[in-house]
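Residue numbers (the working numbering): 18 to 158.
This is how it looks when you write it as structure tokens:
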């Protein structure tokens, strides 16, 4: 598909107008997909199969997971993950591990959530697809 919920909804409405659709999804989701389908008279039945919960690792646990090594790049797939990453980057005990990291966002929507990263480099994938995000990663200095 096109890589984002709104474009995907636009792509499938022609075939599903007046019909019913079931899709597997998480409890937290971007509402535009369902809204756009409903506007096109597609009856949407979301089936929630997973949930996204925030974990709160202490500084020592994060340092251990990173083996005390500075991070060069952070790949962000979610607008929910971006502010959590900012919170980690701003912790005094972790700052030295994340201060030079480049933040690579899957989409503009995700990048907009990175307002608090200061002078750090934020780059956005050319399309909302993992291969485009990996392409950015290959260009990381």
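All C-beta atoms, glycine included, are put in the ideal place defined by N, C-alpha and C. The model shown is predicted, which means the values in this text are computed figures rather than measured ones.
Which residues does DSSP list as the beta-bridge partners of residue i?
i           : result
residue 92  : 121
residue 39  : 62
residue 103 : None, per the DSSP bridge assignment.
residue 141 : 122
Since I believe residue j is in contact with residue i (beta carbons under 8 angstroms), could you give me their beta-carbon distance rounded to a whole number of angstroms?
i           : j           : result
residue 68  : residue 44  : 5 angstroms
residue 92  : residue 105 : 14 angstroms between Cβ atoms; not a contact.
residue 141 : residue 99  : Contact flag wrong, Cβ pair sits at about 12 angstroms.
residue 110 : residue 132 : Rounded, the Cβ-Cβ distance is 22 angstroms, inconsistent with contact.
residue 90  : residue 154 : 6 angstroms
What span of residues does the alpha helix (DSSP H) with residue i cover, start to end?
i           : result
residue 132 : It is not in any alpha helix (DSSP H) - residue 132 carries neither H nor E in the DSSP assignment.
residue 25  : 22–33
residue 151 : 147–155
residue 54  : 49–56
residue 114 : 112–115
(request) Identify every run of the alpha helix (DSSP H) within the stretch 61–89, keeping only runs that are complete inside it and at least 4 residues long; order them along the chain. (result) 76–82
(message) With three or more C-beta pairs closer than 8 angstroms as the rule, is the stretch 118–136 touching the stretch 145–152?
(response) yes
(message) Assess contact between the stretch 21–36 and the stretch 54–61, defined as three or more Cβ pairs (one per stretch) separated by less than 8 angstroms. Is contact present?
(response) yes
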